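This report refers to the structure that appears directly beneath it.
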Amino acid sequence: MNEAELLFTDILNCDRLSLYVNKDLSLDKISSSLVSAALKRRIKSEPIQYILGKAEFMGLQFKVTPDVLIPRPETEILVETAIKLVSGVRCQVSGVNILDLGTGSGCIAVSLAKFLPEAEIHATDISESALEIARANARLNRVDNSISFFQSDLLTAYSLELTAYDIIVSNPPYVPTQEIDTLQPEIQYEPRIALDGGEEGLDFYRRIIQDAPGYLKEGGFLIMEAGFGQKDAIKNVFQKSGFFKVIEWIKDYNNIDRVVVAKKER
Ligand code: GLN
Numbered sequence: 012m013n014e015a016e017l018l019f020t021d022i023l024n025c026d027r028l029s030l031y032v033n034k035d036l037s038l039d040k041i042s043s044s045l046v047s048a049a050l051k052r053r054i055k056s057e058p059i060q061y062i063l064g065k066a067e068f069m070g071l072q073f074k075v076t077p078d079v080l081i082p083r084p085e086t087e088i089l090v091e092t093a094i095k096l097v098s099g100v101r102c103q104v105s106g107v108n109i110l111d112l113g114t115g116s117g118c119i120a121v122s123l124a125k126f127l128p129e130a131e132i133h134a135t136d137i138s139e140s141a142l143e144i145a146r147a148n149a150r151l152n153r154v155d156n157s158i159s160f161f162q163s164d165l166l167t168a169y170s171l172e173l174t175a176y177d178i179i180v181s182n183p184p185y186v187p188t189q190e191i192d193t194l195q196p197e198i199q200y201e202p203r204i205a206l207d208g209g210e211e212g213l214d215f216y217r218r219i220i221q222d223a224p225g226y227l228k229e230g231g232f233l234i235m236e237a238g239f240g241q242k243d244a245i246k247n248v249f250q251k252s253g254f255f256k257v258i259e260w261i262k263d264y265n266n267i268d269r270v271v272v273a274k275k276e277r
């Protein structure tokens, strides 16, 4: 749906088609004041998802607030990649373990739980307020039984009795610090800690690639979203680690290398 459709379906509490075919729909006084309040915020570049307090991802509804990054369509590629790996390679294995680092709104963990009902999922975030939203999203999508959330700065506060995961997924902050202020004004409403990947945008890849081997099964997969132009640098970090073989890069709809899949080899 485009933004106008998102706004009017929300305020009129109807579906997209009704906006066009239901001639009885009209804005009463309350609805029109809601529309103008929303437009006043949108004019100041506030993202429509924060104004409405919700976003769609993988066909599911998510609650979003400025405590969490707004789910992006590119990130659906990461989720689809993980789903394909689990259903292709490991179709016989029930109880696949997945860890999501920096879960934010929980969009990745919740979608995985929804589409892989047999999976056991753990998700971490450094931000307690993000975790609250993620937990709410797990309840909203009725998968709170299959996800456990933990507060942790990546794996540092992680003392789960040495769980070995089949898959670790992450959409880490990857925007180079100096670039953030140059990005579109909408981005400035999002939590900086969810965007800021350090000087080159690579800080979190370095940390994750260094720490993940200790938490992955042999033959397990690390799947991460990557930023524009970061492919070669990330490949290098993997090479230096010596624990992984990069097996695939997947491009997004703009032909940007967006998702990397690496396999733990020893
Ligand atoms: N994809 C986000 C953007 O458009 C960045 C998200 C991230 O850093 N993981 O800037």
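Here the sequence shown stands for residues 12 to 277, numbered as in the working numbering.
Heads up, the beta-carbon is just placed ideally off N, CA and C, and yes, glycines get one too.
Please read all numbers here as calculations on a predicted model, not as lab measurements.
- For G64, the three-state secondary structure derived from DSSP is coil.
- The beta carbon of T135 is closer than 6 Å to those of L112, F161, S163 in its chain, skipping five residues each way along the sequence.
- CA-CA distance, S138 to K256, rounds to 31 Å.
- It is roughly 15 Å from the alpha-carbon of Y264 to the alpha-carbon of T92.
- Restricting attention to R52, I41, V90, A49, the CA atom closest to the CA of R269 is found in V90.
- Between ligand 1 and E87, a heavy atom-to-CB distance of less than 7 Å is absent.
- In this structure, DSSP gives D192 a helical state, which the three-state scheme calls helix.
- The continuous beta strand (DSSP E) containing N108 extends over residues 108-112.
- Excluding five sequence positions before and after P58, the CB atoms of its chain that fall closer than 7 Å to its own CB belong to I81, E197, Y200, given in chain order.
- When beta bridges are read from the DSSP output, M235 appears opposite S181, V271.
- The count of Cβ pairs closer than 8 Å, one atom from the segment 139-154 and one from the segment 208-215, stays below three, leaving the stretches out of contact.
- Annotation: the continuous alpha helix (DSSP H) that includes F126 extends over 118-126.
- Residue state for L45 is assigned as helix, using DSSP reduced to three classes.
- Sequence-distant partners of E143 (beyond 5 residues in either direction) whose C-beta falls short of 7 Å from its own C-beta are missing from its chain.
- L18 and N33 have their C-alpha atoms some 16 Å from each other.
- Assigned with DSSP and collapsed to three states, S163 falls in coil, not helix or strand.
- Looking at the DSSP output, D136 shares a beta bridge with Q162.
- Shown here for S252: same chain residues with a beta carbon closer than 6 Å to its own, the five before and five after excluded, namely I220 in chain order.
- Taking all protein chains in view, the Cβ of I234 is crowded by 16 or more other Cβ atoms within 10 Å, so the residue is classified as buried.
- Under the DSSP assignment, Q72 falls in the beta strand (DSSP E) whose first and last residues are 71-74.
- According to the DSSP secondary-structure assignment, Y176 is paired through a beta bridge with L227.
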